[in-house]
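Trainee: Using my numbering, you'd call the opening residue of the sequence shown number 80 and step up by one each time.
Idealized CB from N, CA, C, for every residue including glycine.
Quick caveat, the model's predicted, so the values are computed rather than measured.
Structure in structure tokens, see below.
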Amino acid sequence: MAESRVVGRLVRDVERFARGHGGAEACVEYVGARGSRIVLVGADGAWGDLFAPTHAAAEAAVEGAGVTRREGFDGEMAGRVVTGPYEWKRMAGIQIGGGTRP
Numbered sequence: 080m081a082e083s084r085v086v087g088r089l090v091r092d093v094e095r096f097a098r099g100h101g102g103a104e105a106c107v108e109y110v111g112a113r114g115s116r117i118v119l120v121g122a123d124g125a126w127g128d129l130f131a132p133t134h135a136a137a138e139a140a141v142e143g144a145g146v147t148r149r150e151g152f153d154g155e156m157a158g159r160v161v162t163g164p165y166e167w168k169r170m171a172g173i174q175i176g177g178g179t180r181p
């Protein structure tokens, strides 16, 4: 898929997330040769992430979607994330080797 099409799809996904959660902030995290991750935190505390095949595509998607870009997933951004029972169960299961892995 051409990079412009990938960026267009990512822009739509970021915009949809922001609309559904009262706005959003994003940071782009370099994963390595495989690409970069767009981490999103909504105004309501919901969070999600998207994967882009290149760092440039991830940055272009965040800019194209018009959401606030942060330099990294710092304590302030992480502090706005609201976690529920599902996340706590997953985290506990992973920590103690529980059966919550797929």
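What whole-angstrom Cβ distance do alanine 157 and leucine 89 have, given they're in contact under 8 Å?
Mentor: In fact, because the Cβ distance is near 22 Å, the residues do not count as touching under 8 Å.
Trainee: Using only the alpha-carbon positions, how far apart do glycine 151 and glycine 145 sit?
Mentor: Their Cα atoms are separated by approximately 17 Å.
Trainee: If we ignore side chains and look at the alpha-carbon of each, how far apart do alanine 140 and arginine 95 end up?
Mentor: Between alanine 140 and arginine 95, the C-alpha separation is close to 12 Å.
Trainee: Under three-state DSSP, which class holds alanine 97?
Mentor: Correct three-state label for alanine 97: helix.
Trainee: Where does aspartate 123 fall in DSSP's three states?
Mentor: Note: aspartate 123 maps to coil in three-state DSSP.
Trainee: Just to check my reading of the structure: serine 115 and glutamate 108 have Cβ atoms closer than 8 Å, yes? What is that Cβ distance to the nearest angstrom?
Mentor: Going by Cβ atoms, the distance from serine 115 to glutamate 108 rounds to 6 Å, so yes, they are a contact pair.
Trainee: Opposite valine 110 in the DSSP bridges: which residues?
Mentor: Paired residue(s): none; valine 110 is not in a bridge.
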